[in-house]
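Reading through the structure tokens given below for one structure.
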Amino acid sequence: MTSYKGYSKIDLPHRENDKETFPDIETGRTAHGKSSVRQQIILRGRRTVAEKRDGRAAAERKKSSGAAAGRKGGSGAAPEQRHNGAGEPADLAGRRALAEQVIARLKEQYPGAKCTLDYRDAWQLLVSVRLAAQCTDKRVDEVTPRLYAKFPTVAALAAAPVEEIEEIVRPCGLGPSKARDISRCMKVLHEKYNDMVPDDFDELLSLPGVGRKSANLVMGDVFGKPAIVTDTHCIRLSNLIGFVDDVREPAKVEKLLWQIIPPEEGNDLCHRLVQHGREVCIARRPQCGKCCLADLCRFGKQAVKRDAETKRRAAGKAAAAPDSAAQKNGASGAVTESGDERT
Ligand code: SF4
Numbered sequence: 000m001t002s003y004k005g006y007s008k009i010d011l012p013h014r015e016n017d018k019e020t021f022p023d024i025e026t027g028r029t030a031h032g033k034s035s036v037r038q039q040i041i042l043r044g045r046r047t048v049a050e051k052r053d054g055r056a057a058a059e060r061k062k063s064s065g066a067a068a069g070r071k072g073g074s075g076a077a078p079e080q081r082h083n084g085a086g087e088p089a090d091l092a093g094r095r096a097l098a099e100q101v102i103a104r105l106k107e108q109y110p111g112a113k114c115t116l117d118y119r120d121a122w123q124l125l126v127s128v129r130l131a132a133q134c135t136d137k138r139v140d141e142v143t144p145r146l147y148a149k150f151p152t153v154a155a156l157a158a159a160p161v162e163e164i165e166e167i168v169r170p171c172g173l174g175p176s177k178a179r180d181i182s183r184c185m186k187v188l189h190e191k192y193n194d195m196v197p198d199d200f201d202e203l204l205s206l207p208g209v210g211r212k213s214a215n216l217v218m219g220d221v222f223g224k225p226a227i228v229t230d231t232h233c234i235r236l237s238n239l240i241g242f243v244d245d246v247r248e249p250a251k252v253e254k255l256l257w258q259i260i261p262p263e264e265g266n267d268l269c270h271r272l273v274q275h276g277r278e279v280c281i282a283r284r285p286q287c288g289k290c291c292l293a294d295l296c297r298f299g300k301q302a303v304k305r306d307a308e309t310k311r312r313a314a315g316k317a318a319a320a321p322d323s324a325a326q327k328n329g330a331s332g333a334v335t336e337s338g339d340e341r342t
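The opening residue of the sequence shown carries number 0 in numbering that gives the first Met the number 0; numbering runs sequentially from there.
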């Protein structure tokens, strides 16, 4: 068992050396030196936004749990109080057991789940995943064939004018910044890595436009190493299922998932969560009634309870309805009889 910058107390084979190289999640620093100014600004911004959001959520939870405690006369512990001082959920064993069951079910449901971005080479995945920010994989897959036809190698793309890249990738949105990042990234690959993509997480993170999500995706899909890709589906489903409690910041979700997901399962699980999020657990209307996780998922169990309660109430109303109908009929019968009498 190895400890990894507080990320996990489980073995993380591809990160054995990362005690030296991997940046601390809170500080953005590595043992090799200070983080870049850009990294620090980004990390500070993310922390500020997340702290504000977590603060608001905590205040709301405290308010509602306080009200609940008042009603029940109990302690009404807020979710964040279920974590110990190290930021670890107190019921880690329970979450690991839950994760094991979810992994087994999703494996059965989506045996062939994989990344939906089309790529032939590692550098193409780097390009595609940059283009996929705030864009659909489908749109990216429509755009990239033209880009790779015109610039078929790292060297060609590194030498391409940014305006020409931007003209092609514009349909993916954020054209100028994506084109600039792709150009810079390809230049670094060409000049520093001999047109190859490094298989080191920290080196991947240092490439322009490559964040933790992209670096994890490349580590898992290209190099077959343990990875957890915290994209929008992974974060949403992790909260719904109960892997994490109201945590939205990708790096924090990743950190918590490393503690409960076996490293060798992480990459495939994330692909399966994406497929499940697209087909069943759809963002605005999760189909809990059709979901293979309904009896495991925290939200699903609540939804089943709510449905049962609604049905119970509806049945109660239906049972009461014949009496009132009979009363109405009785009253109308009296009128009819009296009417008959009148006639
Ligand atoms: S039970 Fe509902 S909320 Fe939970 S994963 Fe399934 S569809 Fe999503």
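Positions of the beta carbon are idealized from the N, C-alpha and C atoms, including for glycine.
### Message
Given the structure, does residue 293 come close to the ligand SF4, in the sense that its CB is under 8 Å from one of the ligand's heavy atoms?
### Response
yes
### Task
From the DSSP output, in three-state form, read off residue 68 for me.
Its pLDDT being 38, under 50, residue 68 is placed unreliably in this model, and the coordinates cannot settle the point.
### Message
Mapping the DSSP letters down to three states, classify residue 175 as helix, strand or coil.
### Response
helix
### Top-ranked residue by Cα proximity to residue 228, from 314, 114, 285
114
### CB contact flag (residue 265, residue 231, <9 Å)
no
### Task
Taking the CB atoms as reference points, tell me whether residue 101 and residue 239 lie closer together than 9 Å.
no
### Message
I need the straight-line Cα distance from residue 160 to residue 191, nearest angstrom please.
### Response
20 Å
### Message
Given 8 Å as the limit, tell me if residue 240 has its C-beta closer than that to any heavy atom belonging to the ligand SF4.
### Response
yes
### Message
By the three-class DSSP mapping on this structure, what secondary structure does residue 296 have?
### Response
coil
### Query
residue 183 by DSSP, collapsed to three states: which one?
helix
### For residue 285: DSSP bridge partner residues
280
### Query
Taking 8 Å as the cut-off, is the CB of residue 269 close to at least one heavy atom of the ligand SF4?
no
### Message
Does the beta-carbon of residue 189, which I'm using as the reference point, lie nearer than 8 Å to any heavy atom of the ligand SF4?
### Response
no
### Task
Could you tell me whether any Cβ in chain B is nearer than 9 Å to the Cβ of residue 175?
Absent here is chain B; the protein component of the structure consists of one chain.
### Task
Give the straight-line distance between the Cα atoms of residue 128 and residue 142, rounded to the nearest whole angstrom.
12 Å
### Query
What are the uninterrupted segments assigned as alpha helix (DSSP H) that are 4 or more residues long and contained completely in the stretch 180-252, given in chain order?
200-204, 211-220, 231-240
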